Structures are given as C-alpha cells and as structure tokens.
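Structure first, commentary second.
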Amino acid sequence: MTIRAGVIGAGIMGADHAQNLARNIGSASLTCIADIDAERAEGAASALGARAVTDPLELIKADEVDAVVIASHDSTHAELVQACLDVGKPVLCEKPLAPTAAEAREVVDAERRVRDEHGRSLVSVGFMRRFDPGHLEVREAIEDGRLGRTLLVHGVSRNVSAAPGATSESAVTNSAIHELDSLPWLLDSPITEVAWVPGILSTSQAGSGLQDPAFMMMRLRSGVLATLELFLNAGHGYSTQCEVVGERGTGRFLEPATVAYNSALKSYTQYPQDWRPRFAEAYRRQLQAWIRSLQEGTESPLASAEDGLRASLAGEAMVESMHNGGAFTPVGQA
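With the first letter of the sequence shown counted as 1, position 320 gets the number 320 in this note's numbering; the numbers rise by one all the way through.
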C-alpha cells in the first residue's frame, strides 16, 4: 500500500520533505503541496508531479491525501495539527509542536480524545536527531553501559547566521528545542530544571534582543548535568557537537565534514552552510520510519505529541530563567 502524503509549507524544510516523499521514501507518494505563496506552491508541486493549493485546510481534507507533513511557520503548527486530528489523519509536524506549552498541551489532550478511535497515536513531531546515526550510536553506548554511569553531557550548537528578527527567546524555542528533546531521549531521563546563564559579551552580528552566544544548563531526573553553548551567528559554518561523560569513558559525535581539502600548503575542511547536509540522512530515515508505521498500522517510532509538549515546557522554563537572572527553574509536568 502506498501512503499518499501532502506537505504544508514549501519553504526550506517543506521543499526537502516533498523531495524525499516524491523520490526517496519507499511506499510513499507526494500528491499535494500547500503554501500561502501560490507561486512557490506551484513551483514546488509542478517539479514533483503534485497538486498545488494555497489553503492548508484544503490539503488536509483532500481525498488524495492520506497523511500530512506540516512544515509551515511555527505559529501555524498547533492549529494545523488540530485540523488533521479533526479529520482523523496522521500528521508529522516539524518542531515545535506549538508556539507555547499551553497550545502544545491542547494538542496532546485533543489527540488523546481520538486515540482510542484509531487504535494508535496520530501525531508525530519532527525531532530528527533521534534518527541520526551518531545520536543512535551514543544512545546505544549509554544503554549498554560501556561508558559507565553517565555524569555530564556537553553540547554545542552553532549556526552561520541567525534568522532575521531572532531573539534570545526564539533562540531557545526554535534552536535549542532540539537539545531539549534529544537530551532526555539520549539519557532516558526527563529534564527537571534549567538555567539560562546570562553573558556579558555578545557578537556584533547579533540583533537587538539577542544574547549570542548563550549558555544553558539542564539538570535531569537521573542527576546528570548537561550544558549547551548556543551560537546563532558563529559565521564559520553549521556545527553541532555533543560529548557524554561517563565513569568509564566518553562518547562524542564526530563532526562529519562535507569536503576535506589539501592545497597550497594547507589542510582544511569545509563546513556546511546550514543543518540540512548534516542531518539529511536523519530526515530521510525519520520519514521512512513514519511511512512504514502508517503502512503497518503500528505506533509511530517518532517523537510523540507528549515529547513535543515536554520540550516546550523545558523551553518555557528556560525563557523564565532568562528573565529571572539565570536562576535554575523547574520544568512543568507534561
């Protein structure tokens, strides 16, 4: 059985998802693309043999769409997920699940109401790092005990440049949200407290309202302390790193280089411009796993709506710490 998918949003992420569904994912086909920009929708759809619409609700209700991928602006996510639940269609929503934890909780409650009718969850959240080979290998090393008891985790997330209008708050809810999901997933322990450490210096590339770089700390229920450096305007290229420190050893994600050069008495590597080359395989694996679960009628192996809510709650606690002098702040219960 082929799963006919529709994609909402024809921007960077939506276009990549559409390409994968049309060309790289087994047992899937792309039937419709929605974007409020008619020209952009038509351009993406015509290249992939899909229908273009400007109304996302039209796509959600379309007979030729069995499942929906939401890659539109963050502010639209909760409303569109709710619309998918209203018609009983499975949905893969890019992170974040909703703009606020309160809205994410509403989505979770709505899904619980329809879960019994369908026999499984309908909402999956696109935290693709769960499908990254490096993350999976480190998680396995933690689970099988080869590193001993985990004590510390150090993370680094650097981008070439910040999105227009980025603020310290959006840096947490849009960028650090990945670590707020991947850390508890890696360690199988929820985040209980967070702290945003205020810096004094900020890069000259940061706009008003953005502390960049920023430093964050997270305590997990297991007792592990995790740190994260988040630098949106690093300039040199996209880079994400993580090291797990255990009693008997450490595990670290190696930086996958796009190209290694030896020229003019120099040896150097070239960083990717953004996150997509680094996580291209993770995105493909995530989509394939989602489509397979729909084919087989089994529970989605992706992050759940509840996982999306937990990440949002941790993000809101981090923002609260930001406005409270960097004090450790408890994370609300999902």
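We put the beta carbon where it would ideally sit given N, CA and C, even for glycine.
This structure is a prediction, so every number in the text was calculated from the model and none was measured.
- By the neighbour-count definition (other C-beta atoms within 10 Å, threshold 16), T240 is a buried residue.
- Exposed is the label assigned to L265, since fewer than 16 other Cβ atoms lie within 10 Å of its Cβ.
- Of the other Cβ atoms in all chains shown, 16 or more fall within 10 Å of the Cβ of A10; this residue is therefore buried.
- If you ignore the 5 residues before and after E320, its C-beta comes within less than 8 Å of the C-beta of T329, all in its own chain and listed in chain order.
- Just measuring C-alpha positions, the residue of A176, A67, I60 and R248 sitting nearest P213 is A176.
- The beta carbon of A195 sits closer than 6 Å to the beta carbons of M217, S321, G326 and F328 from its chain, once the five residues preceding and following it are set aside; these are given in chain order.
- For A314, the uninterrupted alpha helix (DSSP H) segment begins and ends at A305 to M322.
- Segment contact: the segment 296-303 against the segment 113-127, three or more CB-CB distances shorter than 8 Å; contact assigned.
- Between L97 and V114, the C-beta spacing is not below 8 Å.
- When M318, Q270, V331 and I291 are compared, the shortest CA-CA separation from P90 is found for I291.
- For F215, the secondary structure class from DSSP, reduced to helix, strand or coil, is strand.
- For H178, the enclosing alpha helix (DSSP H) starts and ends at I177 to L187.
- Distance check between V172 and each of S204, V160, L228 and Q205 places L228 closest, using alpha-carbon atoms only.
- Burial state of T150 is buried, judged by a 10 Å Cβ sphere holding 16 or more other Cβ atoms.
- Leaving aside the five residues that flank G49 on each side, the residues in its chain whose CB is nearer than 8 Å to its CB run, in chain order, A22 and L30.
- Looking at the DSSP output, P330 sits in a beta bridge with E193.
- DSSP places R51 inside the beta strand (DSSP E), whose first and last residues are R51 to V53.
- In the structure shown, F127 falls within a coil segment according to DSSP collapsed to helix, strand and coil.
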